[in-house]
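In what follows, a single structure is set out as structure tokens and then discussed.
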Amino acid sequence: MTAEAPPRRFHIRVDRELTNPQVLSLLDEHLAGMRAASPPECVFALDLNGLRRPEITFLTAWRLPADAQPGDEGELLAMGALKELTPTTATEGGHGELKSMRTSARHLRQGAAQAILTELLTLARERGVCVRPTHLAHDRS
Numbered sequence: 061m062t063a064e065a066p067p068r069r070f071h072i073r074v075d076r077e078l079t080n081p082q083v084l085s086l087l088d089e090h091l092a093g094m095r096a097a098s099p100p101e102c103v104f105a106l107d108l109n110g111l112r113r114p115e116i117t118f119l120t121a122w123r124l125p126a127d128a129q130p131g132d133e134g135e136l137l138a139m140g141a142l143k144e145l146t147p148t149t150a151t152e153g154g155h156g157e158l159k160s161m162r163t164s165a166r167h168l169r170q171g172a173a174q175a176i177l178t179e180l181l182t183l184a185r186e187r188g189v190c191v192r193p194t195h196l197a198h199d200r201s
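Residues are numbered in my numbering as their position in the sequence shown, beginning at 1, plus a constant of 60.
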């Protein structure tokens, strides 16, 4: 008898469109939080248009109901993005930064941020991109 894999706690998705109302709401929460906590010259959060740029890979973490059917979207818990600043070449690794990391206020301390971070770091490693946190980055766009 083989052991079954444990169910995934979160369903991580790449979102290229950024049109889901739950995503837009969490993005608004993120931008408002950044503006409330930082002086304007220190807010480097990407808005919707910035997150749709081709060098951005935007991920979302969802909780699906136990009885989820195909097409069920579930509840959005967290989001995050990888911005590729310089591409990986045949002779050199690329560089990137983590952007737009946010967990919904209703879902803090449930592991969704860790799941997003782990997936973003895995993507960066697969692409040969060395990542750095936004607050340490020189490119502030």
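Backbone N, C-alpha and C define an ideal beta-carbon position, used for all residues, glycine too.
**Report entry** Per-residue DSSP class, three states only, for Ala-121
**Finding:** strand
Query raised in the report: From Leu-181 to Asp-127, what does the alpha carbon distance come to, in whole angstroms?
Result: 30 angstroms
Query raised in the report: Does the distance from the C-beta atom of Val-191 to that of Leu-158 stay below 7 angstroms?
Result: yes
Requested in this report: Could you tell me which residues DSSP puts in a beta bridge with Arg-162?
Outcome: Met-139
Query raised in the report: Can you list the alpha helix (DSSP H) stretches of 4 or more residues lying completely in the region 70-124, in chain order?
Result: 81-97, 108-111
**Report entry** Backbone secondary structure at Glu-152 - three-state DSSP
**Finding:** coil
Query raised in the report: Does the count of Cβ pairs from the region 76-94 and the region 130-139 closer than 8 angstroms reach three?
Result: yes
Query raised in the report: Can you name the start and end residues of the alpha helix (DSSP H) that Gln-174 belongs to?
Result: 172-187
**Report entry** Bridge partner(s) assigned by DSSP for Glu-144
**Finding:** Gly-156
Query raised in the report: Would Val-189 be called buried (16 or more neighbouring beta carbons within 10 Å of its own) or exposed?
Result: buried
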